[in-house]
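**Q** What follows is a single structure, and I will ask about it in a moment.
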Amino acid sequence: MTARPGPADARDGLPGPADARDGPATRLRAFAGTSVALALLVAVTATLAAAFPRAVDRYTDAGLRRAVAQALPDATTVQVQAALPRYPSVEEAEDVLRPGPLAAARAEVLAAAQAPLTPDRARSAYGVRTAETVPVTDPWLPRPTGTLPEVVLAAQQDLASHTRVTEGRLPRTTGGTATSRTTRIEAAVTADTARTLRIRVGSVIHVPTSARGPLAVRITGIVVPRDPRGAYWSVAPVLRTPALHQVPGSSPPDRYWVGGLLIAPDAGPALLGVAGLTRYWNVSPDAAALRGHDLDRLASAVAALESGPGGRRLRATVDENVDIQTRLDEVLAGQTRLRSGIDPLVLLAAVGTGALAVIVLAMAAGVAADRRRGEAALLRARGASPTGLALRLLAETAAVAVPAGALGLTAALLLLPGARTAPAVAAALAVTLFACLALPARVMAAHRTVRTDTGREDLVSARPSRRRTVAELAVLVIAAGTVVALRRQGSGGAGPVAAAPVLTGVVAALLLVRLQPLPLRALGRATARARGAVVPLSVAHAARASGFAVLPLLALLTALTTAAFGGSVLAGVTAARDRAALLAVGADGRVESTTGALPGTLPDRVRRLPGVRAVTEAGVAYEAKARLTGEPVPLAGVDPGAYARLAEHTGLGPFDAARLGRNDTSGGDAGRTLPALASPHTAEVYGTGPWDVLLPDGSTVTVRVVDVVEHTPAVVGDDFLVVDRSGLPREAARATTLLLTGDTLDGRALRAAAGGPGGDPGDPGGSGDGAGGGPGGAGDPTTGDPTTGDPTAGTAAAADDAVGVRLRGEERGRHVDSPLQSGAERLYTVAVAAGAGYAAVALLLTVLRTAPERTALLARLRTMGMTRSQGRRLLILTALPQACLAAVGGTLTGWAAVHLLAPGVDLTAVALTSPPTTGEAVLRVDPLSLAVPALTVLLLAVGVPAVHAWWAGRRGSVRELRLGDA
Numbered sequence: 002m003t004a005r006p007g008p009a010d011a012r013d014g015l016p017g018p019a020d021a022r023d024g025p026a027t028r029l030r031a032f033a034g035t036s037v038a039l040a041l042l043v044a045v046t047a048t049l050a051a052a053f054p055r056a057v058d059r060y061t062d063a064g065l066r067r068a069v070a071q072a073l074p075d076a077t078t079v080q081v082q083a084a085l086p087r088y089p090s091v092e093e094a095e096d097v098l099r100p101g102p103l104a105a106a107r108a109e110v111l112a113a114a115q116a117p118l119t120p121d122r123a124r125s126a127y128g129v130r131t132a133e134t135v136p137v138t139d140p141w142l143p144r145p146t147g148t149l150p151e152v153v154l155a156a157q158q159d160l161a162s163h164t165r166v167t168e169g170r171l172p173r174t175t176g177g178t179a180t181s182r183t184t185r186i187e188a189a190v191t192a193d194t195a196r197t198l199r200i201r202v203g204s205v206i207h208v209p210t211s212a213r214g215p216l217a218v219r220i221t222g223i224v225v226p227r228d229p230r231g232a233y234w235s236v237a238p239v240l241r242t243p244a245l246h247q248v249p250g251s252s253p254p255d256r257y258w259v260g261g262l263l264i265a266p267d268a269g270p271a272l273l274g275v276a277g278l279t280r281y282w283n284v285s286p287d288a289a290a291l292r293g294h295d296l297d298r299l300a301s302a303v304a305a306l307e308s309g310p311g312g313r314r315l316r317a318t319v320d321e322n323v324d325i326q327t328r329l330d331e332v333l334a335g336q337t338r339l340r341s342g343i344d345p346l347v348l349l350a351a352v353g354t355g356a357l358a359v360i361v362l363a364m365a366a367g368v369a370a371d372r373r374r375g376e377a378a379l380l381r382a383r384g385a386s387p388t389g390l391a392l393r394l395l396a397e398t399a400a401v402a403v404p405a406g407a408l409g410l411t412a413a414l415l416l417l418p419g420a421r422t423a424p425a426v427a428a429a430l431a432v433t434l435f436a437c438l439a440l441p442a443r444v445m446a447a448h449r450t451v452r453t454d455t456g457r458e459d460l461v462s463a464r465p466s467r468r469r470t471v472a473e474l475a476v477l478v479i480a481a482g483t484v485v486a487l488r489r490q491g492s493g494g495a496g497p498v499a500a501a502p503v504l505t506g507v508v509a510a511l512l513l514v515r516l517q518p519l520p521l522r523a524l525g526r527a528t529a530r531a532r533g534a535v536v537p538l539s540v541a542h543a544a545r546a547s548g549f550a551v552l553p554l555l556a557l558l559t560a561l562t563t564a565a566f567g568g569s570v571l572a573g574v575t576a577a578r579d580r581a582a583l584l585a586v587g588a589d590g591r592v593e594s595t596t597g598a599l600p601g602t603l604p605d606r607v608r609r610l611p612g613v614r615a616v617t618e619a620g621v622a623y624e625a626k627a628r629l630t631g632e633p634v635p636l637a638g639v640d641p642g643a644y645a646r647l648a649e650h651t652g653l654g655p656f657d658a659a660r661l662g663r664n665d666t667s668g669g670d671a672g673r674t675l676p677a678l679a680s681p682h683t684a685e686v687y688g689t690g691p692w693d694v695l696l697p698d699g700s701t702v703t704v705r706v707v708d709v710v711e712h713t714p715a716v717v718g719d720d721f722l723v724v725d726r727s728g729l730p731r732e733a734a735r736a737t738t739l740l741l742t743g744d745t746l747d748g749r750a751l752r753a754a755a756g757g758p759g760g761d762p763g764d765p766g767g768s769g770d771g772a773g774g775g776p777g778g779a780g781d782p783t784t785g786d787p788t789t790g791d792p793t794a795g796t797a798a799a800a801d802d803a804v805g806v807r808l809r810g811e812e813r814g815r816h817v818d819s820p821l822q823s824g825a826e827r828l829y830t831v832a833v834a835a836g837a838g839y840a841a842v843a844l845l846l847t848v849l850r851t852a853p854e855r856t857a858l859l860a861r862l863r864t865m866g867m868t869r870s871q872g873r874r875l876l877i878l879t880a881l882p883q884a885c886l887a888a889v890g891g892t893l894t895g896w897a898a899v900h901l902l903a904p905g906v907d908l909t910a911v912a913l914t915s916p917p918t919t920g921e922a923v924l925r926v927d928p929l930s931l932a933v934p935a936l937t938v939l940l941l942a943v944g945v946p947a948v949h950a951w952w953a954g955r956r957g958s959v960r961e962l963r964l965g966d967a
């Protein structure tokens, strides 16, 4: 009768005869704890792997949709237009203007749009309208400067589904079918048009024609657009909102109103003879169907419709003179440029975290193989083939890894919906396959031949083989090549450069593994004659560590390098935004008048506000000019002492206040030469010798450049002068700008104190869209100001918002403009956190691998009189050499990696909405990203052995000292 193995045999992995025939389920029950740990590791890794492509899809989709949404509809809509040609008969011309032919042509236009350009049929307007504005002479219409108002008539289809009638009814054709001989038609106007042009239900507007009497247009209804910002109304905004145009070259300005009249959809033939007519079909892209991964295909589809096969098809089926225009390709090109700067950085993070995950999974396989070394050797000795042994282990591992991988994939799909599934499945499958194959591959490599004794593999006495030396040299060459390529080509170069940070950590780990025996030997000699047994025993035990220590060190250094690089990227992004915000504002806050001097009581009101620590006054004359060239040179008059403190606090051009001060403070003396700070460009152009500056009030001051600074808080730009304002004329010395210092400035309170309406913090002077050249100009009857239609609206807004308030924090927030940027930041944050987690797992796996050995060692030493506290110190000191080596090596490697790779890494696309005017956003070393992970490794290296020693002491030593213990 064959007895089953006792507890000691099972614990040591030396199965009895019956165990050799046990199935995977029995073996999984025997190693339940290891199986659960492996399942958890695979599930988390599969979740991260599957979540990465879905997260990228989500933020690229959101970024593309945001870019399309932020662009005006007339820019993102493909506008297909065809002027009405000359037909042999009037009847033929009338037929092409009826709803049926227009709808048939629309079907051709929509069919010409190739995937992934999916038209939004509901927002894609079509119909017929007058190609030019038509003056009308009705005396009751408003005439701001006496010029006749003009109208645009449009028979836009689907009017009923895009409007809500507030008064009257929608227009319709009465008295039979509309023809070129029709003299009376009906129309509707929007509420904005009715209010601006004083139109009411029942009003009649007489539109002149070329072949018959005026066309009487009776207003039957006033409507409100259901989606006034949508493409249906915004491609031709004059149909929604009247525009105030200006006669080109008129002085004083001669302005007139242009409004839109919405006639019945089937009344298009009645417009024959009014003016030149245009048939139009707009293709508005469906925002919900836009996908970031289709960006290149989408650009190709737009190009094909605009000037490729789609355009040729429309010229063959719709009209040979059809004109197709869009600026959607410009929007897509901008998105492509943004992605080209962000994608390589994201790839760097993904490769680093992925490599770390592979190393940790390999470590987990190594722990399992080491625990089952005796079992595998026994099976081989009993005749098991390497293939059969590998298949047995593959079945056992797959029983754990496959469900765990499926669980991780499911979690990723549920946590990140609305993205592609195939890349996530592929990533999770790759993780699962690696987890399944790592253990069989490692066991097969270790047991190719039957062995009874593998010998000691002490770290100090081990000698690397020639194959290992050649492999390490190959890794070194590859790493050097990737680093050089990254520095020369940038992070957007070929794919292998993305592995540069990881390979830097790998080379450092291989170097430290070769150097590690040297300090251990020296430490062993130094402690050999030391008093007490704990220190010599700990050094000797650390020196007897096997070659398995390569993987933990590799994992720790890769994790620390990844964390340092990722943390430096995040810190560089934050620093670039802070710098850009500071350069734009000049201080923590800025209150500035755009029309003249600030009220005299405003500085005191601002000083009393909570959160304001200091207020520095400055009088900035942006219209000042150099008398020598007549070119503008902004001049700021400041109080030298307070301004020098502000410059020192912000780091923008610090200077010695004494150099700017005047010995003679009698203001307005033009014969005095004022010491001045100047920008490098100003000093280079005009020199440092005395030269004259013309002020806006007509007075002149003479300045002499005493110091050159790159930036200054009061003036933003490449040209500026800063002088003591006590030497300026009284009018020029008045404060126009307040520069505020404070960490908790309240924008609402500041705007209330300044008396401004708040507005956009990035636009202190207000802005407005005027009628200029190109789309929206006076020559285009269908466009105008998208909000008010008034080209003078910007001037009015600027006058109302004469005092602007800008805060550094608000300016910083403006640089996170795209989901691409915020998504990349989140991915880097997750990558750094995952690197830290994998580093902790690597330490835990090292503890698990050596736990039985350490437990047995403690038990034996306890029987020899060692106390529990000495046992704890022994385990801690045993773990410290490798932990200290990893911490110091990881810190140095991270520092070196950032310095080596910084020239090839540009953070501008992630950090800023537009290229900076003062250099790129570059990668810089972040001390916290170096110190915190290294200290965490040391704390874990001390804490885990201490906890293990405490736990081993509670369990006692009887089981560890049983007869037959290996």
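Here the sequence shown is numbered in this note's numbering, starting from 2 and rising by one per residue. All C-beta atoms, glycine included, are put in the ideal place defined by N, C-alpha and C. What you are looking at is a predicted structure, and each value in this text was computed from that prediction instead of being measured.
On a Cα-Cα basis, can you pick out the residue from Gly128, Ala108, Thr164, Thr197 that is closest to Arg144?
**A** That would be Thr197, whose Cα lies nearest to the Cα of Arg144.
**Q** Give the list of continuous beta strand (DSSP E) stretches no shorter than 3 residues that lie fully inside the region 240 to 296.
**A** DSSP runs (the beta strand (DSSP E)) wholly in the region 240 to 296: 244 to 247, 256 to 264, 278 to 284.
**Q** What did DSSP end up calling Ala798 once you bin it into helix, strand or coil?
**A** Its pLDDT being 36, under 50, Ala798 is placed unreliably by the model, and nothing is read from it.
**Q** For Val484, tell me which candidate among Leu931, Pro54, Ala898 has the shortest Cα-Cα distance.
**A** If we check each option's Cα against that of Val484, Ala898 comes out closest.
**Q** My output table needs one value for His682: the three-state DSSP class, helix, strand or coil.
**A** If DSSP states are grouped into helix, strand and coil, His682 belongs with the helices.
**Q** Below 8 Å between beta carbons: does that hold for Val218 and Ala192?
**A** For Val218 and Ala192, no; Cβs fall outside 8 Å.
**Q** Can you check whether the CB of Leu846 is closer than 8 Å to the CB of Val432?
**A** Result no, Cβ atoms of Val432 and Leu846 do not sit closer than 8 Å.
**Q** Tell me the DSSP secondary structure of Arg95 in three-state form.
**A** Contrary to the premise, residue 95 reads as Glu rather than Arg in this sequence. Here Glu95 sits in helix by DSSP.
**Q** Can Leu555 and Ile360 be called in contact, C-beta distance under 8 Å?
**A** Contact: yes.
**Q** Rounded to the nearest angstrom, what separates Val707 and Leu696 at their Cα positions?
**A** C-alpha separation (whole angstroms): 20 Å.
**Q** Near Val570, what residues of its chain come up, given a Cβ to Cβ distance below 6 Å and the 5 sequence neighbours on each side ignored?
**A** If we look at Val570 and ignore the five residues flanking it on each side, its Cβ neighbours are Tyr829.
**Q** Is the beta carbon of Ala132 closer than 8 Å to that of Ala237?
**A** No; because the gap between Cβ atoms is not below 8 Å, this pair is not in contact.
**Q** Give me the DSSP bridge partner(s) of Tyr983.
**A** It is not possible to answer for residue 983, since the shown part of the chain is limited to 2 through 967.
**Q** Would you check if the distance between the CB atom of Ala63 and the CB atom of Ala425 is smaller than 8 Å?
**A** Contact flag unset, no.
**Q** Nearest to Gly597 by CA position, among Ala622, Leu583, Thr575, is which residue?
**A** With distances taken between Cα atoms, Gly597 lies closest to Ala622.
**Q** Given a cut-off of 8 Å, decide if Pro286 and Thr77 are closer than it, judged by their beta-carbon atoms.
**A** In contact: Thr77 and Pro286 (Cβ atoms closer than 8 Å).
**Q** Pull up the CB-CB distance for Thr559 and Ala510, whole angstroms please, since I reckon it's below 8 Å.
**A** Confirmed, Cβ separation roughly 7 Å.
**Q** Which whole runs of the beta strand (DSSP E) in the region 500 to 538 are 3 residues long or more, in chain order?
**A** For the region 500 to 538, not a single whole beta strand (DSSP E) run of length 3 or above is found.
**Q** In this structure, how does DSSP classify Val704 when only helix, strand and coil are distinguished?
**A** Three-state DSSP puts Val704 in a strand.
**Q** With a threshold of 16 other CB atoms inside 10 Å of the CB of Met364, please say whether the residue is buried or exposed.
**A** Buried is the call here.
**Q** Work out the CA separation of Val906 and Ala799 for me, nearest whole Å.
**A** Only weak support exists for where Ala799 lies, its pLDDT of 37 falling under 50; the coordinates are left without a value.
**Q** Please go through the same chain and pick out, in chain order, the residues whose beta-carbon is closer than 8 Å to the beta-carbon of Arg488, but skip the five residues on each side of it.
**A** Closer than 8 Å at Cβ, skipping near neighbours: Leu901, Leu902, Pro904, Gly905.
**Q** On a CA-only basis, which of Arg124, Leu653, Arg578, Val686 is nearest Thr1? Give me that one, please.
**A** A query on residue 1 cannot be resolved here, the shown segment of the chain reaching from 2 to 967 and no further.
**Q** Determine the burial state of Gly176: buried for a count of at least 16 other Cβ atoms within 10 Å of its Cβ, exposed for fewer.
**A** Its Cβ having fewer than 16 others within 10 Å, Gly176 is exposed.
**Q** Quick one: grab the DSSP three-state call for Asp121.
**A** Asp121 falls in the coil class under three-state DSSP.
**Q** Taking a contact to mean a Cβ-Cβ separation below 8 Å, would you say Val831 touches Gly409 in this structure?
**A** No, Cβ-Cβ distance for Val831 and Gly409 is not below 8 Å.
**Q** So, is Glu812 buried or exposed, given that buried needs 16 or more other C-beta atoms within 10 angstroms?
**A** Under this definition Glu812 is a buried residue.
**Q** In the DSSP assignment, the beta strand (DSSP E) including Leu740 goes from what residue to what residue?
**A** Its beta strand (DSSP E) spans residues 738 to 742.
**Q** Determine which residues share a DSSP beta bridge with Glu151 and list them.
**A** Answer by DSSP bridge pairing, in chain order: Pro136, Val259.
**Q** Roughly how many angstroms lie between the CA atoms of Asp747 and Ala581, to the nearest whole one?
**A** Each residue's alpha carbon lies about 20 Å from the other.
**Q** Taking Pro100 as part of the beta strand (DSSP E), name the residues at either end of that continuous run.
**A** Where Pro100 is concerned, there is no enclosing beta strand (DSSP E), although the alpha helix (DSSP H) it sits in stretches over 100 to 113.
**Q** Could you give the first and the last residue of the continuous alpha helix (DSSP H) run that contains Leu39?
**A** Unbroken alpha helix (DSSP H) run through Leu39: 33 to 71.
**Q** Please determine, among Ser181, Gly688, Leu160, Val508, the residue with the shortest C-alpha to C-alpha distance to Arg173.
**A** Of the candidates Ser181, Gly688, Leu160, Val508, the one whose C-alpha sits nearest the C-alpha of Arg173 is Leu160.
**Q** Does the CB of Gly176 have a neighbour CB from chain B at under 8 Å?
**A** The structure shown contains no chain B; it is built from a single protein chain.
**Q** For the alpha helix (DSSP H) containing Gln158, name the first residue and the last one.
**A** No alpha helix (DSSP H) contains Gln158, which DSSP labels as neither H nor E.
**Q** Tell me where the beta strand (DSSP E) around Gly177 begins and ends.
**A** Where Gly177 is concerned, there is no enclosing beta strand (DSSP E), given that its DSSP letter is neither H nor E.
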